[in-house]
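Peer 1: Residue numbers (the numbering used here): 10 to 169. Cβ coordinates follow ideal geometry from the N, Cα and C atoms, glycine included. These figures come from a predicted structure and were not determined experimentally. Would you mind keeping the following structure in view while I ask a few things?
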């Protein structure tokens, strides 16, 4: 170690290092100053904004509220009339739609009944034809049977 290292002790070295590189006290002072200035400026702006809002609210209360009240008194009756007309038109449209839906349902029911009637008539015609065919067949069988009986009776009555 050199002669310089013997003369400088550690606490002195730390104090020198702290003064050169430790900026905390300076920064703390600057931060406090900045905050103080910011709060004062912010406080002034907020007070100005509050006064501005109060002025605007007073102006609106004194001028605009009365105008709005007068306009409402003048326009609401005609608006109510228009709304009544619109409501009447809507109810008429809804009624027409209901009638149209009922007409469609009735037409669908009529078509279903017509198809059912056609199926009934077709089925009835087929059954009548089957009965007629059965009757004609039975009639033919009976004719043959009576023809055979007549032939047997005729053969039995012939003298021998």
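Spatial neighbours of residue 75 within its chain, please: C-beta separation below 7 angstroms, excluding the five flanking residues on both sides.
Peer 2: Position 66 of the chain shown, counted from the start, is the residue given in the question as residue 75. Excluding positions up to five away in sequence, the list is empty.
Peer 1: Does DSSP put residue 31 in a helix, in a strand, or in coil?
Peer 2: Walking along the chain shown from the start, residue 31 turns up at place 22. In this structure, residue 31 counts as coil in the three-state DSSP scheme.
Peer 1: I need the straight-line Cα distance from residue 139 to residue 124, nearest angstrom please.
Peer 2: Residue numbering aside, residue 139 sits at position 130 when the chain shown is read from its first letter. Residue numbering aside, residue 124 sits at position 115 when the chain shown is read from its first letter. Roughly 22 angstroms between the two C-alpha positions.
Peer 1: Distance, Cα to Cα, residue 61 vs residue 44?
Peer 2: Here residue 61 is taken as the residue at index 52 of the chain shown, counted from 1. Here residue 44 is taken as the residue at index 35 of the chain shown, counted from 1. One C-alpha to the other measures close to 25 angstroms.
Peer 1: For the alpha helix (DSSP H) that residue 174 lies in, which residues bound it at each end?
Peer 2: Nothing about residue 174 can be reported from this structure: the residues present for the chain run from 10 to 169 only.
Peer 1: How is residue 18 classed by DSSP in three states: helix, strand or coil?
Peer 2: Against the chain shown, residue 18 aligns to sequence position 9. Coil.
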